[in-house]
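For the record, the sequence lines run as chains A and B.
If you're matching positions, the first sequence starts at 213 in our numbering and goes up one per residue.
If you're matching positions, the second sequence starts at 213 in our numbering and goes up one per residue.
We put the CB at the ideal spot given by N, CA and C, even for glycine.
Protein chains: 2
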Amino acid sequence: MAQSVYFFGNGVADGTRQMKNVLGGKGANLAEMTNLGIPVPPGFTLACATCIEYLKTGTYTEELREEVTASIARLEAVTGRRFGDPASPLLVSVRSGGPVSMPGMMETILNLGLNDATVAGLASQSGNPRFAYDSYRRFLQMYGDVVLGVPASEFEHLLTAKRLTTGADTDADLDATSLRALIEEYKTLVRNRTGSDFPLDPRDQLWGAIEAVWKSWMLKKAVDYRRVNHIDESLGTAVNIVAMVFGNMGDDSGTGVAFTRDPSTGERRFYGEFLVNAQGEDVVAGIRTPLHIEEMVDRLPAAYRELLKVQDTLERHFRDMQDLEFTVERGTLYLLQTRTGKRTAASAIRIACDMVAEGLIDRAEAVRRVNPAQLDQLLHPIIDPGARATPIATGLPASPGAASGIAVFDPDVAEQRAARGEAVILVREETTPEDFHGMVAARAVLTTRGGMTSHAAVVARGMGKCAVVGCKDVVVDAQKRLFSVGDLVIGEGSWITLDGGSGRVFSGDLPTIPSDVVRVTSGQLAASQAPLYQSFASLLGWADDVRRLRVRANADTPRDARVARGFGAEGIGLCRTEHMFFEGDRIHAMREMIVARDERGRRRALAKLQPMQRADFEAIFEAMNGFPVNIRLLDPPLHEFLPHGGEEGKMLARQLQLTRTELNRIVEGLRETNPMLGHRGCRLGITYPEITEMQGRAIFEAAVRAKRRNIDVQVEIMIPLVAAAREFDHQRAILEECYRQVVATMGYEIEYQIGTMIELPRAALTAREIAATAQFFSFGTNDLTQTTMGLSRDDAGRFLPAYVDRGIFPDDPFQVLDTIGVGRLISMAVEDGRAIRASLKTGICGEHGGDPRSVAFCNDVGLDYVSCSPFRVPIARLAAAQAALAGGN
Amino acid sequence: MAQSVYFFGNGVADGTRQMKNVLGGKGANLAEMTNLGIPVPPGFTLACATCIEYLKTGTYTEELREEVTASIARLEAVTGRRFGDPASPLLVSVRSGGPVSMPGMMETILNLGLNDATVAGLASQSGNPRFAYDSYRRFLQMYGDVVLGVPASEFEHLLTAKRLTTGADTDADLDATSLRALIEEYKTLVRNRTGSDFPLDPRDQLWGAIEAVWKSWMLKKAVDYRRVNHIDESLGTAVNIVAMVFGNMGDDSGTGVAFTRDPSTGERRFYGEFLVNAQGEDVVAGIRTPLHIEEMVDRLPAAYRELLKVQDTLERHFRDMQDLEFTVERGTLYLLQTRTGKRTAASAIRIACDMVAEGLIDRAEAVRRVNPAQLDQLLHPIIDPGARATPIATGLPASPGAASGIAVFDPDVAEQRAARGEAVILVREETTPEDFHGMVAARAVLTTRGGMTSHAAVVARGMGKCAVVGCKDVVVDAQKRLFSVGDLVIGEGSWITLDGGSGRVFSGDLPTIPSDVVRVTSGQLAASQAPLYQSFASLLGWADDVRRLRVRANADTPRDARVARGFGAEGIGLCRTEHMFFEGDRIHAMREMIVARDERGRRRALAKLQPMQRADFEAIFEAMNGFPVNIRLLDPPLHEFLPHGGEEGKMLARQLQLTRTELNRIVEGLRETNPMLGHRGCRLGITYPEITEMQGRAIFEAAVRAKRRNIDVQVEIMIPLVAAAREFDHQRAILEECYRQVVATMGYEIEYQIGTMIELPRAALTAREIAATAQFFSFGTNDLTQTTMGLSRDDAGRFLPAYVDRGIFPDDPFQVLDTIGVGRLISMAVEDGRAIRASLKTGICGEHGGDPRSVAFCNDVGLDYVSCSPFRVPIARLAAAQAALAGGN
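Have a look at this one:
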């Protein structure tokens, strides 16, 4: 039979840090510290398996009871105190602690072992009867609530009543006598509620507390938390029983928390706070203001010297920044807990790099240490943490960063006022491609509908621009040019501030802090002046050394392409040509094309667009010199380019020399019930081959022009929304004919590849047929997720958040790739496609390309590259490296 | 080297009927008839392989030339005539003929061998110089066009000019002299156009014709036809060269076509038409009215007796009804072709049954003989073929049958006027579930938008009601209550007639013929009085004996369920509960539920619906006594139940005691960008568990009530739109709780199964997870096709027809299951699901369940059943039998 109870004390422990699965994180580290000779109060840990056994059988074995009894005896021997001894009582704390840190479990019970007899011992030991009775009162209250199930509110009622009858302002004003009376009232309450007396035997108290910890593993909040976070239910929790030490035994005592390095900046300095003559809960309660840790040198000098040694030992031992809890009892230091400290992205990067320089860890370990998702923090401005303001509403944090500006409700107004130099924030119910110019002009975007992958969210992330979406409490009245939140009304021109990292919306112009990394990347700051950037660059360089997966960016304009290169993108994985049609005069030519009555009319309009497209492509090829550029042919349904009524419709009709009725009929005729599944993608190119011809010629001409200028052009042309190989072949034939014509006219040959976006389940299912002629597959995981799951990202807001909350979906599938559904299609398509064409290039270009877990999947399934928003390129680079280090593919 | 030329003549042929792939259908049957001793003019066939060889190399071999030369010599010997002999010229016909009958190939060239010298021989042989020169003129014209590429219109110009200069009214009035002059003009035309003289050597003529046949294999129309009909391009066509016989050599000559049984009724009688003193093309030209075949007994008695013997021999030999072409030359009968005759459904069934009775074929063969799709003809009334009318417009033939009625443009009006006993046809731009009561009231439905699987089409087919949809030329003005087609305006109350089998729309009240089969099935006619029904029932009985696949029906009401049983449905595969919510008061309660502010309000409204649902279910269980009934929980998005403005909106607001603004806000809040991918299916049941509870209780209570009445209830409850196993489990838990409550209250236990509709790719991809708890999978192939292909059936009309025409999709995937895409998902899911649960029941319940090719796929992939509209049940039964006979699964 396996050991169930692990003792630690007097420099020797049964456990080690390797035994997290047996002892939980807290227990394993208490054992480890003990073994290291670090002062830890003695105690023992009941293994996690005892919890599972108890939950299975509803009881515990005689063997376990004996092991616990023996451990208590050992504890009594080590401490020289005894359970229930009125003269020198042994008091313990009881705490849960699973292998994985988990909120929602049972809280700490302190001072277990107190009863009517031992409280006197505590009073004489501490020399402070009030403290002893207050401890007893708190113990009764906590134990009564957590273990005996008496509602906490009822104890609070009695406490409040006592304050009122004694005239005490606060609990601290209750004297020992009042507390003793209160203790009797508490015991009566427990008797009335439970039908039994409060257990006064410390052993009974202990077993009650142990069972309560075990049962807390199955509390609803714990079960829910595990389900959402994929924590194995069969792990169970350990129970830690530790001899009490008291930081509140006088001015030679104290308690505190500390970090071995600065968790905010990563600076290598001991960082923390402490309180003299206090217990742990006093720090948390926030009644007294804690002191900076350096001040310990004056107040508790010996303990401080000891603590400095201990923190150094711990960091060197664990080779990572530690978060410590300690107590000083009458000059003697005790460590109560150590664990890996949470930190900001800046801190994580700096610590990783510093530790490499210090020889504590190697580069691979440094790469593993930083959470890729956190890198986002380094790239976007943030609201100055010093600014004090209360948000007026909170939406979804769609695109990080912070921005202030005046609220405007119309893209044209946004453009006009931005042109006048005003900072604007575009506020819409939801955005459409028509709003694009307004989004370009705006500093940030706020919408009231749509989710994390709505148009506003995707486009804003693509531009690295702050966005808060789906902010339901905000009601927009675009007609009246205002929005309201409850009674608060904010009109056009009023200042608001958005925090895209938290989804918060503020009234007014809050100060923001720009990101050093971005300033260096965009050439506004010298790298030498930005130590954080240097760490960032080192770390990503090490990541690049180990990763297999290439990282590209989704970029639609030459400007985006340059930003992407700055972040280390190795090419463009998705250049959406339609965004080019919304700028300036282009939208006019595009609309002329759409409303044309016949092919001749369409060709006339397309001829106007061609030179603009060509110029864009040439500039993009230049920005991506030497790297591949993947250009997707026109994809969205045509109605997205037309206004849907109103003033703009009237103007358009005039421009196009149509009557309003004619224009309305055209708009109406293009209306679709399910535009997502409608006339778009290559279906447009097949219905109107002249569109594909125009785009094909613009691409090839731009490539030839660039090549003439000695630019290393690597063109990939992507045919969207293919469901059948014959669609692909139809469009490919048109493009190849364009190429022949361009070569014949311009006399230069270039290399190019033609492939397809796999964004429909059928394309993945028929990968063999398609790979016969397609040279690459780019998985468009946004649409592939929508079709595979039958989930419109524009409409899912009404139920998807609840699905994720309840664990029906483990994650939002538009943020984290659904590996068992969508992912299965991807791996089938890769396998089938490569069976036909060994050289098939594969990548993804959906939003998932910037999500670390999804990047890991792409690595493991053998894709060649991922492509994501420029601002997520660093995240993808790091995630790809971590996936490679984890041994996938 | 394989033989390339196959001779037939004098009772001996090189080929046989088994050699269709070598000789084509025509050539093989000419050889077969020769071997049977049936009089066939001698000739020879160039094997199909010669065509492929020629197309590959652009030329033909010396060996082939020698073989053809030898065959001509044999033909000369057998006929006693010689190529180019002015006294006794050998003339031949040249015809293409591939292994599969295929329009668009080269037409027949008759009288090849004529030139300036041999025309005289023909004149003296026929004793009719005008005939000889007219034949020569026709030969020049046909050969010039087909072989030499001179436009047919230019010959026609010269012919017209000749009529005008000679004062001839018709071509037949041109005398021999004029024809001789015209012949010279034709030759000059050919010389000018081609730069060479018209070939006068019969051997040159022959090779020219042969090459023209070969080349015609690659004509665009032939290529397109093959692509669309999946005919293998590598087959090639044979060339048949047959000695001419002349039915126009006097009153002892003639020509005709005949069927061995009546192709319309199947009656066993020799049936056909003939003309005395005529050639085949005269029959086709329709200038003279042909005589009934029986009249041959007086006009050509010996030949007729011979023909009767021949047709009997042929039918017994081929064991199927034959379609014959014959010519009588001076009293001697010649068969020019025999092939399996095309026939109506009624005829096909009668012939199959009769032939079994006659011992010609066995039952399995009879089952194979009838095209399942044709059975539709037997179930729907048709427009009386005697009625003469011109359609005013043509749409898609969405649901067969014919119906006349007054046009109405509003479902309420339809209901009101139908209640007054008027026959109404509902005319809408498109229908929605709101129109349901109007469709129920109407005799037929006409829509201007939507495709073969639009709401109107699906619902109408489900009800076995005539529908023409997507009739683009019809412009509906619902406000003015009229529709127009060009200048024609048809207002409310005007009579129109629809032919749902052809998509034609007529003005006026055309007479229709009801179907005997339907009258028997519905008990309006005794089976003994309907011989066709008896054959129909026998054939389907034999089909039932051999099929493995069960056939169920999609039925939403007790009435539908009874109709389905009448057609032999073995249960209900899909009972859509939402249709029940549109009748009478129910829609009001449903709307009350939707607009309710909280769960309490929803429960109040649901409580009103529950007894109605329960009563429906009980009646359905009764109608399906002993057969399974699969009930799908609420599926469509809630906005489908609300009016979208107008008068109805105003009324509704009043009924629900809401302001218009409040109602509009609710309707607006439910609006979805892509409702197909929105808040529907089990997503509703998860958001509003009380809906699932109400339905679950109604189902179980109905089942218990029915069981108490000794009805054998087999309940299956289907959870729709599942994407993840956890959704299914969530809903299943609610249903199981309902069951426990119902059993506790009512004290009766019943058997039931809970399963899911697999209609999202992800459900198929995660079949293992879902099958862990689901007891059946029903593939909803309509939605599964939409999501797998990313194709909205409501919107696809703008490009899908062109896709099918051009062969980009082999078929409309909403009509014929896409086996390589959607089908792959189905077979994966079946395999994965059964790996987890061997007893998993599987079926399909989309529109494809009534499509013969899709039924064959379902059989082959091992499904347990298909479910289709009641009126397609016979089709599915027969198709399932044919699939079983074909050896699949």
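- In this structure, the CA atom of residue 478(A) is about 9 Å from the CA atom of residue 557(A).
- No Cβ of chain A is located within less than 8 Å of the beta carbon of residue 823(B).
- At least 8 Å separates the beta-carbon of residue 458(B) from that of residue 470(B).
- For residue 307(A), no alpha helix (DSSP H) run applies; the uninterrupted beta strand (DSSP E) run containing it begins and ends at 304–309, by DSSP.
- DSSP assignment within the segment 480–560 of chain B yields the following whole alpha helix (DSSP H) runs of 4 residues or more, N-terminal first: 492–497, 508–511 and 513–530.
- Listed by position along chain B, the residues whose Cβ is nearer than 7 Å to that of residue 890(A) are 1004 and 1007.
- With a 10 Å radius around the Cβ and a threshold of 16 neighbouring Cβ atoms, residue 1043(B) comes out exposed.
- The DSSP assignment places complete alpha helix (DSSP H) segments of no fewer than 4 residues inside the segment 324–405 of chain B at 330–338, 341–358 and 364–378, in order along the chain.
- Listed by position along chain A, the residues whose Cβ is nearer than 8 Å to that of residue 852(B) form an empty set, because the closest Cβ is around 11 Å away.
- Taking 8 Å as the CB threshold, residue 939(A) lines the interface with chain B.
- The CB of residue 1033(B) comes closer than 7 Å to the CB of 974, 977 and 978 in chain A, given here in chain order.
- Looking only at 681(B), 307(B) and 381(B), the smallest Cα-Cα distance to residue 359(B) is reached by 307(B).
- Cβ-Cβ distances below 6 Å link residue 995(B) to 971 in the same chain, with the five nearest sequence neighbours on each side left out; the list follows chain order.
- Inter-residue distance for residue 426(B) and residue 1040(B) is about 44 Å (C-alpha atoms, whole angstroms).
- For residue 792(A), no beta strand (DSSP E) segment is defined, and its DSSP state is neither H nor E.
- Any Cβ of chain B closer than 8 Å to the Cβ of residue 1048(A) would place that residue at the interface, and such an atom is absent.
- Distance from the CA of residue 808(A) to the CA of residue 564(B), rounded to the nearest whole angstrom, comes to 56 Å.
- For residue 266(A), the enclosing alpha helix (DSSP H) begins and ends at 260–269.
- DSSP places residue 583(A) in the coil class of the three-state scheme, outside both helix and strand.
- Contact holds between the segment 985–999 of chain A and the segment 1029–1038 of chain A, because three or more Cβ pairs, one in each stretch, are under 8 Å apart.
- Residue 969(B) has a beta carbon lying at 8 Å or more from every beta carbon in chain A.
- Non-local beta-carbon contacts of residue 263(B) in its own chain, meaning distances under 7 Å to residues more than five positions away in sequence, involve 426, 429, 448 and 449 in chain order.
- Around the CB of residue 238(A), 16 or more other CB atoms lie within 10 Å, so the residue is classed as buried.
- Of all residues in the segment 214–238 of chain A, none places a beta-carbon less than 9 Å from a beta-carbon of chain B.
- Here the alpha carbon of residue 816(B) sits roughly 24 Å from the alpha carbon of residue 916(B).
- If you look at residue 694(B), you'll find it in the beta strand (DSSP E) that goes 694–697.
- Residue burial annotation: residue 1014(B) is exposed, with fewer than 16 other C-beta atoms found within 10 angstroms of its C-beta.
- In this structure, residue 717(B) places its C-beta atom within 8 Å of the C-beta atom of residue 606(B).
- Counting only runs of 3+ residues, the beta strand (DSSP E) found wholly inside the segment 1020–1062 of chain B occupies 1053–1056, in chain order.
- The beta carbon of residue 861(B) sits closer than 6 Å to those of 855, all from its chain and outside the five residues before and after it, given in chain order.
- Per DSSP, the continuous alpha helix (DSSP H) segment holding residue 245(B) begins and ends at 232–247.
- Excluding its 5 nearest sequence neighbours in each direction, residue 618(A) has C-beta neighbours in its own chain below 8 Å: 629, 634, 635, 636, 637, 704, 705, 706, 707 and 708, listed in chain order.
- Under the Cβ distance rule, residue 876(B) does not count among the residues neighbouring chain A, no pair being separated by less than 8 Å.
- Bounds of the beta strand (DSSP E) holding residue 965(B) are 964–970.
- In the structure shown, residue 635(B) adopts coil according to DSSP, grouped into three states.
- Residues of chain A whose Cβ lies closer than 8 Å to the Cβ of residue 682(B) do not exist; the shortest such Cβ separation is about 14 Å.
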